[in-house]
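**Student:** Numbering (UniProt numbering), first residue to last: 1 to 273.
Beta carbons: idealized from backbone N, C-alpha and C, even for Gly.
Dropping the structure in here first, questions after.
Structure, rendered in structure tokens:
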């Protein structure tokens, strides 16, 4: 198995940016959904499922400069907190946000047709549903494509951190990774389990608007505790770099990455696995 896709977005709800490599530290990914929009009318974190035009926007953060591109134009500037703070609801979680000065809120509000304030998220991963890392597999994407009558699904609608080529493995092979360790390049994550999904996966990637019935395709046999699931989510337990083409291997509790420090502080042998 190997990595065939890597992506994240600095601003929650916007199109995931494809990457050639990604550093995985402990405690969440610092560049992933570090910002979000506050929905003024509803006094909560803006929900992509309610405002899927956000999917047509892209963000690039090269500290301290943030650039947001929308079909209505582009805004760029240095990130400066205004001091205005919110405790906003994120699907039942109180989430601390700090509003940002700059041109982004006006631009995106015009694009969405609702008042939205760009904010810095107070705690890393606070607006990420599930673990810091999400993974989908080519085996499961092929099965979804079959169920919805398409030639292929490239995984963009699932907005995963990593897409893993699982060859001719059975669909949903990743379910068996629950509770196990997964080596991704030089890093190791521990898989929590299948990841809950919402109606965003029925929307056109990088455009918005409904274009598929993926939730319906999952409904027959992809339920866990009453929720529809696809892919898995995980927490980083050994930091490291993951690159396109990097090897992927499934292990157990004693599993360690090549080059990672052991319990006695020594280094394991180098290698990509």
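Using the beta-carbon count (16 or more within 10 Å), is residue 163 buried or exposed?
**Tutor:** As a first step, residue 163 is located in the chain shown; it is residue number 163 there, counting from the start. The residue in question, residue 163, is buried, as its Cβ has 16 or more Cβ neighbours within 10 Å.
**Student:** Run the CB neighbour count on residue 234, radius 10 Å, all protein chains shown included, and call it buried at 16 or more, exposed below.
**Tutor:** Position 234 of the chain shown, counted from the start, is the residue given in the question as residue 234. So residue 234 counts as buried.
**Student:** Which residues mark the beginning and the end of the beta strand (DSSP E) in which residue 93 is found?
**Tutor:** To locate residue 93, count along the chain shown from 1; it is residue 93. Taken as a continuous stretch (DSSP letters only), the beta strand (DSSP E) holding residue 93 covers 93-101.
**Student:** Which residue comes first and which comes last in the beta strand (DSSP E) that contains residue 232?
**Tutor:** On the chain shown, position 232 is the one that residue 232 refers to. Element bounds for residue 232: 227-238.
**Student:** Rounded to a whole number of angstroms, what is the C-alpha to C-alpha distance between residue 79 and residue 167?
**Tutor:** Counting from one through the chain shown, the residue named residue 79 turns up at place 79. Counting from one through the chain shown, the residue named residue 167 turns up at place 167. The alpha-carbon atoms of residue 79 and residue 167 are separated by roughly 43 Å.
**Student:** Can you grab the Cα-Cα spacing for the pair residue 34 / residue 144, in whole Å?
**Tutor:** Counting from 1 along the chain shown, the entry for residue 34 is found at position 34. Counting from 1 along the chain shown, the entry for residue 144 is found at position 144. If I take the Cα positions, the gap works out to 30 Å.
**Student:** How is residue 242 classed by DSSP in three states: helix, strand or coil?
**Tutor:** Taking the chain shown and counting its residues from 1, one reaches residue 242 at position 242. In the structure shown, residue 242 sits in a strand (DSSP, three-state: E or B).
**Student:** Output needed for residue 103: all residues of its chain with C-beta closer than 8 Å, excluding positions within five of it in sequence on either side, in chain order.
**Tutor:** By 1-based counting over the chain shown, the position of residue 103 is 103. For residue 103, where only same-chain residues beyond five positions count, the Cβ hits under 8 Å are 75, 76 and 77.
**Student:** Chain D beta carbons: is any one of them nearer than 7 Å to that of residue 134?
**Tutor:** Structure shown: chain D not included; a single protein chain is present.
**Student:** Per DSSP, which one or two residues make a beta bridge with residue 174?
**Tutor:** One-based indexing of the chain shown puts residue 174 at position 174. DSSP output for residue 174 lists no bridge partner at all.
**Student:** Please classify residue 227: is it buried, with 16 or more other beta-carbons within 10 angstroms of its beta-carbon, or exposed?
**Tutor:** As a working mapping, residue 227 is identified with position 227 in the chain shown. When all chains shown are included, residue 227 counts as exposed.
**Student:** Please classify residue 42: is it buried, with 16 or more other beta-carbons within 10 angstroms of its beta-carbon, or exposed?
**Tutor:** Translated into the one-based positions of the chain shown, residue 42 becomes position 42. Burial call: exposed.
**Student:** Using CA coordinates, which residue listed in 184, 243, 190 and 52 is at the minimum distance from residue 207?
**Tutor:** Here residue 207 corresponds to residue number 207 of the chain shown, with the count starting at 1. That would be 52, whose Cα lies nearest to the Cα of residue 207.
**Student:** Per DSSP, residue 134 is paired with what?
**Tutor:** Indexing the chain shown from 1 puts residue 134 at position 134. DSSP lists 233 as partners of residue 134.
**Student:** In chain order, what are the residue ranges of uninterrupted beta strand (DSSP E) at least 3 long that sit wholly in the segment 27-92?
**Tutor:** Runs found: 35-39, 58-62, 65-70, 73-78 and 80-90.
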